[in-house]
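Scroll down for the structure; my scribbles are underneath it.
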Amino acid sequence: MLKMMKKPELDQIMHIWLNENIRAHGAYVSESYWRENASLVRHLIETATVYVSRDTNGINGFCGLQDNYIAGVFIDAKMQGNGIGGQLLSAVQADYDELTLSVYEANTRAVKFYQHHGFTIAKRGRDEDNDVDELTMSWHKAQERSNV
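Note that the sequence shown covers residues 14 to 161 in my numbering.
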């Protein structure tokens with residue numbers, strides 16, 4: 014079930030955010046980076062638009078946005094591969110005409126996921142904080158319609 018985040022759910026969301034960043038990026042970004050930035054991210058999530066997926070056990074994934082910028086799509090590791098990320102992204106795409114995001118180029122699984130959902134690479138750059146190649150990807154509702 015997809016809904017917007019409720020304030021009491023912030024701890025669950027932060028748990029997923031931290032665990033999945035460490036798991037997904039552990040080969041090229043230090044765990045300490047994510048831990049050191051958790052309080053800043055917590056504050057940003059409080060002010061973001063957050064789409065949440067829930068089941069009977071609670072939150073199993075979320076997508077956070079600042080305006081039309083997707084800050085991330087995070088799915089609990091135990092629930093990945095069940096279409097939750099696609100459901101979240103489809104819900105966001107239904108509500109926006111244009112979206113952008115940044116993703117580490119080494120995170121090929123995420124890059125392929127976003128491409129599967131109509132995102133294209135708009136720019137290549139570098140995350141200077143972590144010295145890692147990064148892609149800026151974009152999606153446009155009109156572009157999506159023309160690809161059908």
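The beta-carbon is built from N, C-alpha and C at its ideal position, and this holds for glycine as well. Note that the structure is a prediction, hence the values are computed from the model and not measured.
Item	Value
Have a look at Val54, His56, Cys76, Leu102 and flag the residue whose alpha-carbon is nearest the alpha-carbon of Gly131.	Leu102
Answer with buried or exposed for Glu111, where buried requires no fewer than 16 other C-beta atoms within 10 angstroms of its C-beta.	exposed
Could you tell me which of Asn120, Phe87, Trp152 sits nearest to Asn32, measuring between CA atoms?	Phe87
Beta carbon of Tyr117, beta carbon of Met150: below 8 Å?	no
List the endpoints of the continuous alpha helix (DSSP H) containing Thr133.	Counting along the chain, Thr133 falls outside any alpha helix (DSSP H), though it belongs to the beta strand (DSSP E) covering 133-140.
Ile97 and Asn73 - do their beta-carbons sit closer together than 8 Å?	yes
Among the residues of its own chain, which have a CB less than 6 Å from the CB of Gln79, if the five just before and after it don't count?	Ala61
Per DSSP, Leu148 is paired with what?	Val116, Arg137
Starting from Gln79 and walking both ways along the beta strand (DSSP E), at which residues does that stretch end?	71-79
Quick check: the Cα distance between Thr133 and Gln25, rounded to an integer number of angstroms?	31 Å
Any idea if Gly77 is buried or exposed, counting beta-carbon neighbours within 10 angstroms, 16 or more meaning buried?	buried
With C-beta atoms as the reference, is Tyr41 less than 8 Å away from Ala155?	no
Could you tell me how far apart the beta carbons of Tyr82 and Leu114 are, in whole angstroms, since I believe they sit closer than 8 Å?	7 Å
Between which two residues does the beta strand (DSSP E) carrying Ala84 extend?	82-88
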